[in-house]
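So the structure is just underneath, and the comments pick up after that.
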Amino acid sequence: AKAAGGNQTLFFETDMGSVAASNFRVESELRQAISQEQLRLYIQPQVSQNRQIRGAEVLVRWQHPQRGLILPGQFIPVAEESDLIVELGEWVLGESCKLLRQLQDRQQQLRLSVNLSVRHFRKRNFVDWMKALIQETGIDPSGLTLEITEGLFIDNLEDVIAKMNVLTELGIWFSIDDFGTGYSSLAYLANLPVHELKIDQSFVRRAPEDERAAALVETILVVASRMQMDVVAEGVETEAQADFLLSHSTQIISQGYLYGYPQPAEVLMDQLN
Ligand code: C2E
Ligand code: CA
Ligand code: CA
Ligand code: CA
Numbered sequence: 661a662k663a664a665g666g667n668q669t670l671f672f673e674t675d676m677g678s679v680a681a682s683n684f685r686v687e688s689e690l691r692q693a694i695s696q697e698q699l700r701l702y703i704q705p706q707v708s709q710n711r712q713i714r715g716a717e718v719l720v721r722w723q724h725p726q727r728g729l730i731l732p733g734q735f736i737p738v739a740e741e742s743d744l745i746v747e748l749g750e751w752v753l754g755e756s757c758k759l760l761r762q763l764q765d766r767q768q769q770l771r772l773s774v775n776l777s778v779r780h781f782r783k784r785n786f787v788d789w790m791k792a793l794i795q796e797t798g799i800d801p802s803g804l805t806l807e808i809t810e811g812l813f814i815d816n817l818e819d820v821i822a823k824m825n826v827l828t829e830l831g832i833w834f835s836i837d838d839f840g841t842g843y844s845s846l847a848y849l850a851n852l853p854v855h856e857l858k859i860d861q862s863f864v865r866r867a868p869e870d871e872r873a874a875a876l877v878e879t880i881l882v883v884a885s886r887m888q889m890d891v892v893a894e895g896v897e898t899e900a901q902a903d904f905l906l907s908h909s910t911q912i913i914s915q916g917y918l919y920g921y922p923q924p925a926e927v928l929m930d931q932l933n
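The sequence shown lines up with residues 661 to 933 when you count with full-length UniProt numbering.
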């Protein structure tokens, strides 16, 4: 079996052997998993300088009846190869908006960030679907952030801009996930409604010791501050990383094991009670 990270998965490698067969199996099992409600929302806190929770990121897990809890690295890449990622994304967004509605009903000012795949965003009806979901769940959309990646800006930019503008007018925020690791140019930042940048974990991990990673983090902080965007540092695990980040910005939002692991959404709701 290959190490985790590619499309093929440890959990699903079967007697059929080949990656193609394995992917096919994941796909059909995942399709069932969605309809049989085997997916779970986990959420991880995002905290401000004084460790106050300002929001949380939704991270999906698959509670498999035989194989136990499966991480997204094992099935999202397979889902992304077809419109299965749209089905999965619609489920995650639907549940996330229900959760946000519960939070808003309790006067909790938490921002909920949801990962959105490029393929899903590019669907022709995405904006209308999103509008209907907002109506249906009765959320205030200004509590919702959609995390997208730079891969979205590689082509069809006009269509992307138009869609982002409509959603922004509704109050939704856009966050650039894994910022600085994609292939697109920075130019898009000048033309798009972007509200937040997420510093990739690889930079956060190296910054305290590695001068080049440190320089990148500092540059991202300057760009964000000049463009009045929020910055979230992801993958913060150590006090040294936290100290480095906070010594460069008091505004930075932090997310990582140092502050909290992803937990089932119910756990957070119980804590807020
Ligand atoms: P991501 O969006 O970059 O999410 C951050 C990943 O880092 C998550 O992995 C999270 O559990 C993990 N993480 C958080 N804090 C730390 C830390 O301090 N140290 C380390 N080493 N890792 C940390 P996870 O939950 O396994 O998700 C992996 C990826 O799967 C996500 O990366 C995202 O790209 C994708 N994903 C997760 N949920 C969804 C979803 O609902 N829809 C879509 N389209 N993609 C999703
Ligand atoms: Ca993310
Ligand atoms: Ca990320
Ligand atoms: Ca990532």
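A virtual CB, placed ideally from N, CA and C, is assigned to each residue, including glycine. Note that the structure is predicted; figures quoted are calculated from it, not measured.
Burial state of Gly803 is buried, judged by a 10 Å Cβ sphere holding 16 or more other Cβ atoms. Within the same chain, Cβ atoms closer than 8 angstroms to the Cβ of Ile832 are found at Met790, Pro801, Ser802, Leu804, Thr805, Leu806, the five residues on either side in sequence being excluded.
Excluding the 5 residues flanking it on each side, Phe839 has same chain C-beta neighbours closer than 7 angstroms at Leu857, Lys858, Ile859, Asp860, Ile880, in chain order. Leaving aside the five residues that flank Pro732 on each side, the residues in its chain whose CB is nearer than 6 angstroms to its CB run, in chain order, Val720. Beta bridge pairing from DSSP links Tyr702 with Leu719, Pro924.
Relative to ligand 3, Gln706 has its C-beta separated by 8 angstroms or more from all heavy atoms. Comparing C-alpha distances from Leu701 to each of Gln723, Glu897, Arg865, Ser682 shows the shortest one belongs to Gln723. Contact check for Phe813 and Ser844: beta-carbon distance about 4 angstroms, within the 8 angstroms limit, so the pair qualifies.
Restricting attention to Val927, Asp930, Glu897, the CA atom closest to the CA of Ser914 is found in Glu897. Judged by pairs of C-beta atoms under 8 angstroms, the region 897 to 910 does not touch the region 920 to 930, as fewer than three such pairs exist. Looking at the DSSP output, Gly728 sits in a beta bridge with His724.
In the DSSP assignment, Glu750 falls within the alpha helix (DSSP H) that extends over 744 to 765. Under a 10 Å Cβ-count criterion, Thr910 is classified as exposed, with fewer than 16 other Cβ atoms of the shown protein chains found around its own Cβ.
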